[in-house]
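In this note's numbering, the protein residues as written are 895 to 1082.
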């Protein structure tokens, strides 16, 4: 089941981000790195990513940025469906250059690298829940507050995902070596 579901999700990502099939390894590396560094997993990915993937691509966010944000929300215990919907709503607010969120952040945001300093500036200015409600909406405020509070962690996780090349292969090699060792031990 997991292999079939993994392949399905890789296909969804490739289509959402309009990536060629030769990018499948990149997708699996990003997923493996996210799953091994956060509470995010394949089931949560399958629920949350389709709600936001194509929109993220249209807004200029990279795969790694989008997965970073979803995984960070997962780490807070937010349900996958709620996280995907909330992030979609935040992206829609970011898409309006004259909207309250874009104005509050003070710049066009198309990546985690741009989002982190903007969030940190908002936090330094002392934004509260009432202020967050003004720039987002009720369904998104919890997610926005979580991203705001964890902005330093976003940057760290985003770097891990951007440097994830080879992660899936390393996991597969480790698993194969562990299984081979267990089989050799059983044989002896």
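Glycine included, every Cβ here is placed at the ideal spot set by N, Cα and C.
C-beta atoms of residue i and residue j nearer than 9 Å
i            : j            : result
residue 1113 : residue 951  : Look at the range of the chain in this structure, 895 to 1082, and you will see that residue 1113 is not part of it.
residue 953  : residue 1037 : no
residue 957  : residue 985  : no
residue 1047 : residue 966  : yes
residue 893  : residue 999  : In the structure as shown, the chain begins at 895 and stops at 1082. Residue 893 is therefore absent and cannot be evaluated.
residue 934  : residue 968  : yes
residue 1007 : residue 1001 : no
residue 1003 : residue 1012 : yes
Selection from the options that minimises the alpha carbon distance to residue i
i            : options              : result
residue 1016 : 990, 1034, 901, 1045 : 1045
residue 978  : 947, 905, 902        : 947
residue 981  : 991, 944, 1007       : 944
residue 921  : 1000, 964, 907       : 907
residue 900  : 1004, 925, 959       : 925
residue 1032 : 983, 913, 989, 955   : 983
Interface flag, residue i vs chain D, CB-CB below 9 Å
i            : result
residue 1043 : Of the chains in the structure shown, none is chain D; there is only one protein chain.
Nonlocal neighbours in the same chain, by C-beta distance under 7 Å from residue i, ignoring five residues either side
i            : result
residue 931  : 1051, 1054
residue 927  : 1054, 1055, 1058, 1061
residue 1074 : Only weak support is given to the placement of residue 1074: the predicted model assigns it a pLDDT of 48, under 50, and the question is left unresolved by the model.
residue 993  : 987
Residues of its chain near residue i, where Cβ-Cβ distance is below 6 Å and the 5 sequence neighbours each way are ignored
i            : result
residue 940  : 903
residue 970  : 1040
residue 1027 : 1035
residue 915  : none
residue 929  : 935
residue 960  : 950
Continuous alpha helix (DSSP H) stretch holding residue i: start and end
i            : result
residue 1059 : Where residue 1059 is concerned, there is no enclosing alpha helix (DSSP H), given that its DSSP letter is neither H nor E.
residue 983  : 974-989
residue 1021 : It is not in any alpha helix (DSSP H) - residue 1021 carries neither H nor E in the DSSP assignment.
residue 992  : That residue, residue 992, is in no alpha helix (DSSP H); it is neither H nor E in DSSP.
Subject >> Secondary structure, alpha helix (DSSP H): runs of 4+ residues fully inside the stretch 906-959 >> reply: 918-931, 936-953
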